[in-house]
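So that you can map any letter, position 219 of the sequence shown is 219 in UniProt numbering, and since no number is skipped, the others follow by simple counting.
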Amino acid sequence: MNLTSPDSSLSSAATTKKRAASPRSARKPANTPPLPDHQPALQPGVASITHLTTKLAEYLTPAELKKVKEAYRFSDEMHLGQMRKSGEPYISHPIAVAEICADWKLDAQAIMAALLHDVMEDQDVKKDELIERFGAPVATLVDGLSKLDKIEFQSQIEAQAENFRKMLLAMARDVRVILVKLADRLHNMRTLGVMIPEKKRRIARETMEVYIPIAHRLGLNNIYRELQELAFSHLYPLRHRTLAKAVKAARGNRREVVSKILESVSTTLAATGINAQIDGREKSLFGIYRKMHNKHLSFSQVLDVYGFRIVVDTFANCYLALGTLHALYKPMPGKFKDYIAIPKLNGYQSLHTTLIGPYGTPVEFQIRTQDMHRVAESGVAAHWLYKDEEGNLSDLQQRTHAWLQSLLDIQKQTGDSAEFLEHVKVDLFPDSVYVFTPKSKIIALPRGATALDFAYTIHTDVGDQTIAAKINHEPAPLRTELHNGDIVEIITSPSSRPSPNWLSFVRTGKARSAIRHHLRTINLSESVELGQRLLSQALAMLNLNPVLAPIVVDRLLNESSAKSLDEIYADIGVGKRMATLVARHIMGLLENEPLVTPLLDMEGVAAPTKMDPVVIYGSEGVSVQLSPCCQPIPGDHITGQLKRDQGLVVHAEDCNIAKRQRSKDPDRWIEVLWGEDLNRRFDCRIKVLVHNDKGILARVAAEIGDSDANIIYVNMDDDKDQLMTQLIFTIQVEDRVHLARLMRNVRRIRGVTRILRDRSG
1 MNLTSPDSSL
11 SSAATTKKRA
21 ASPRSARKPA
31 NTPPLPDHQP
41 ALQPGVASIT
51 HLTTKLAEYL
61 TPAELKKVKE
71 AYRFSDEMHL
81 GQMRKSGEPY
91 ISHPIAVAEI
101 CADWKLDAQA
111 IMAALLHDVM
121 EDQDVKKDEL
131 IERFGAPVAT
141 LVDGLSKLDK
151 IEFQSQIEAQ
161 AENFRKMLLA
171 MARDVRVILV
181 KLADRLHNMR
191 TLGVMIPEKK
201 RRIARETMEV
211 YIPIAHRLGL
221 NNIYRELQEL
231 AFSHLYPLRH
241 RTLAKAVKAA
251 RGNRREVVSK
261 ILESVSTTLA
271 ATGINAQIDG
281 REKSLFGIYR
291 KMHNKHLSFS
301 QVLDVYGFRI
311 VVDTFANCYL
321 ALGTLHALYK
331 PMPGKFKDYI
341 AIPKLNGYQS
351 LHTTLIGPYG
361 TPVEFQIRTQ
371 DMHRVAESGV
381 AAHWLYKDEE
391 GNLSDLQQRT
401 HAWLQSLLDI
411 QKQTGDSAEF
421 LEHVKVDLFP
431 DSVYVFTPKS
441 KIIALPRGAT
451 ALDFAYTIHT
461 DVGDQTIAAK
471 INHEPAPLRT
481 ELHNGDIVEI
491 ITSPSSRPSP
501 NWLSFVRTGK
511 ARSAIRHHLR
521 TINLSESVEL
531 GQRLLSQALA
541 MLNLNPVLAP
551 IVVDRLLNES
561 SAKSLDEIYA
571 DIGVGKRMAT
581 LVARHIMGLL
591 ENEPLVTPLL
601 DMEGVAAPTK
611 MDPVVIYGSE
621 GVSVQLSPCC
631 QPIPGDHITG
641 QLKRDQGLVV
651 HAEDCNIAKR
661 QRSKDPDRWI
671 EVLWGEDLNR
681 RFDCRIKVLV
691 HNDKGILARV
701 AAEIGDSDAN
711 IIYVNMDDDK
721 DQLMTQLIFT
731 IQVEDRVHLA
741 RLMRNVRRIR
751 GVTRILRDRS
761 G
């Protein structure tokens, strides 16, 4: 194939004349700023695909290469006259993105999508046209890469969240979407210098929060590190420059140490008969900065600025090299990690050890095979880079597929784009813990995950029906944080259902989305009823009619992105929307709507200006909860907090936790009252201080039973002198009168010195 022929070396200049005659070229390019009079027009011809086609010819067939050139011609025609902020022809950007994808040896469809990735967004090319010209797979990839029209959304944040949701779901169906998107973001970050500072910071922050974690999750370490450095330099330019200067100054002082370590390690490994490739590397500026920030260190205190990578030929030699290094230099306790036996979530495998090198400086070593090195650098992209060795990557592909499938599961259970993105971000944090099922299967979870997160990782149904957990064969609360090596067993019951309290301690996106989905759907009628009561009272406070005219309802739905009024009621009932804010929004709609008279209620009588308290019966279900910290019972003065995704949480008025939270966010608190004829019992805690006499527990428990109360839980707290014991009971009573009678009866028991109600939580 003659790669130097005019056909292969296509450029903007080469096709200018041909495009001028095309009806498509009459389409006005998007975002093309007019050139000032004094600025000469930029000459086309700098955006050639010669270099790209040279790369592609190494692994694509002539037929595939021909299709790529057709995609280039179309993209070049669509972007004719459009310039980047840097002054280059816009087509140079799709070419650069395609070249990055070519480095990963992505297939022809992905390369075509890279060349076409902006034509739908910038030039209003329809998906049907792309299907007709280049086929459905390419059109679907381009559609997944294209942003949505921001006019559909009420805010920039909502639009951005929906764009990410669309991109991540497209990625879940075809991982090539995110590979092309990461290549697009990488080139944009490389050329970000021409943007204004505010826009640079916004794009860099977005890169740091979303794209860098995705690159890490997919094992694309080269891109992960470069994006980190670029984002760091644009987010904190002064810190980046200062740190770069400090590293450069220290480089000369440490060169001798690095040379000595390289020589010693090379000689020792060769003497042992290990064939190894040894590279010394300087830690990235962002890596140094993160260590300084997290551990509150100065630059001079960060000693392990240099690390070494040892690539050996066989699996066994990894461990042999490790033993050789530990004989050469003393290892630092607690600084060894075996990611070969237990790979990271993204498929990364290596042995990590930190040794005390010459002059007492800690030095980090990574030991891996050549195959492990390929996956460590290219991650999931290694699937395309080394297709002949696909079998070696089956575990990685399965892990990636499982994570992508979890994105689809979260989407099915999530109400809106912002919430979806919130759940996904949680799962993108790189730190992980590795725990075992009772059958010794390894499960990887984010650091801080609980036993309940483990249950939802096994299956959503297991999580929903969880009632208890055992960790290392011992009973443990569901909120217990897991640690590396824990053996976790989940106990379920078909009658068990998720509790809103679970949202306060679960860590994974899958668990949070599943619990919220259950609370929204299974208890929808309760949430709708509570939300309707709260909104009616909020409207009454503003002297507005609680019965909304159809025209107002339509406008409210259009502006809130809700599908029905019941959905708005449900959102209010679970604390996702504030009734007072919705009422004020309705008042704004009514002020612009002369057809509605808002000042009278249904009876034609002026509505009250003060919100009536919400009446609590204690049997409302999960849309109304009695707070576990103070455990209010009938007779207590109570107050209500509207908590996001937990509905109405009822506290005792004198609860210390309630007082602190109310001072921070007073708008979420409303008046509540106990109803009459409460036909149920309520939990509360009592503490009983007793002499440590024989049979004292039995006597106290018997008296509680005789007082017509149920014992739910009992615990003991012994004093050091073993003379006194504190008994802590969780009991069920009818109200304060019932509790007072019970406490009087228990106080009469011989051996009881004190009894009080416990509201410490």
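Ideal placement from N, C-alpha and C gives every residue a C-beta, glycine not left out.
| message | Since K85 and M195 should fall inside the 8 Å C-beta cutoff, what is the C-beta to C-beta distance between them, to a whole number of angstroms? | response | 6 Å
- [ ] Put K199 into one of helix, strand or coil per three-state DSSP.
- [x] helix
Since A142 is in the alpha helix (DSSP H), which residue starts that stretch and which ends it? Residue identity differs from the one stated: residue 142 is Val in this sequence, not Ala. Unbroken alpha helix (DSSP H) run through V142: A136 to L145.
Legend entry - A511 to A658 span [Cα, whole Å]: 27 Å
inquiry  = If distances are taken between C-alpha atoms only, which option among I491, I467 and D464 comes closest to T437?
reply    = I491
Inset, instruction - Round the Cβ separation of V311 and Q370 to the nearest angstrom and send it over; I've been treating them as touching at under 8 Å. - result: 6 Å
message: With a threshold of 6 Å on Cβ separation, who are the neighbours of A468 within its own chain once the five nearest residues in sequence on each side are excluded?
response: I491
Note down the Cα distance separating D122 from D76, rounded to an integer number of angstroms.
13 Å
- Message: Mapping the DSSP letters down to three states, classify M78 as helix, strand or coil.
- Response: helix
Exercise. Could you please give the first and the last residue of the uninterrupted beta strand (DSSP E) stretch that includes V488?
Key: V488 to T492
| Is R748 near the ligand SAM, going by C-beta to nearest heavy atom under 7 Å? | Ligands in the displayed structure: none, and consequently the ligand SAM is not present.
Should V688 and V737 be called a contact, given that it needs their Cβ atoms to be closer than 8 Å?
no
Next on the checklist: To the nearest angstrom, how far is the alpha carbon of N317 from that of A376?
Outcome noted: 18 Å
Practice task
Using a threshold of 8 Å, state whether the C-beta atoms of S663 and V649 are closer than that.
Solution key: no
- request: Pull up the distance between the alpha-carbon of E671 and that of T639, whole angstroms please.
  value: 5 Å
Inset, instruction - Report yes if the C-beta distance between L673 and I616 is below 8 Å; otherwise report no. - result: yes
Cutting at 7 Å between CB atoms, please list the residues of its own chain near R225, excluding the five before and the five after it. S284
* Asked: From what residue to what residue does the alpha helix (DSSP H) around E567 run?
  -> L565 to G573
Checklist line | Start and end residues, beta strand (DSSP E) containing G87 | finding: Counting along the chain, G87 falls outside any beta strand (DSSP E), and DSSP gives it neither H nor E.
Please name the residue in R281, Q366, V265 and Y348 whose C-alpha comes closest to that of Y329.
V265
**Request:** Indicate the three-state DSSP secondary structure (helix, strand or coil) for M59 in the structure shown.
**Result:** Reading the sequence as shown, one finds Tyr at residue 59 and not Met. In this structure, Y59 counts as coil in the three-state DSSP scheme.
When G573, H296, G463 and I356 are compared against S496, the one with the closest alpha-carbon
G463
Is it the case that the region 124-143 contacts the region 49-66, given that we only count it when at least three CB pairs across the two stretches are under 8 Å?
no
* To do: For the region 241-303, list the beta strand (DSSP E) runs that are entirely contained and at least 3 residues long, ordered along the chain.
  => 276-282
- Query: Taking Cβ to Cβ, would you say T753 is nearer than 8 Å to H651?
  - Reply: no
Interface flag, I616 vs chain E, CB-CB below 8 Å
Of the chains in the structure shown, none is chain E; there is only one protein chain.
Tell me the DSSP secondary structure of S760 in three-state form. coil
Margin query: Less than 8 Å between the beta carbons of A550 and R507, yes or no?
Written below: Checking the sequence, you will find Pro at residue 550 rather than Ala. Going by C-beta atoms, P550 is not nearer than 8 Å to R507.
Check your understanding: Would I749 pass as a contact of I731 if the rule is Cβ separation under 8 Å?
Key -> no
Nearest by alpha-carbon distance to L535: which of M578, S525, L519 and H517 is it? M578
How big is the Cα-Cα spacing for L56 and G531? 59 Å
Notebook entry, point to check: What is the DSSP secondary structure of W104, reduced to helix, strand or coil?
Noted result: coil
inquiry  = Can you look up G307 in the DSSP assignment and give me helix, strand or coil?
reply    = strand
Just the C-alpha distance for L42 and S48, rounded to the nearest angstrom, thanks.
Note that L42 has pLDDT 36, beneath the 50 cutoff, so the model's placement of it is unreliable and no number is given.
Practice problem: Return the CA-CA distance between A562 and R533, expressed in angstroms with no decimal places. | Solution: 19 Å
**Prompt:** Can we say the region 274-292 touches the region 241-248, given the rule of at least three CB pairs closer than 8 Å?
**Reply:** yes
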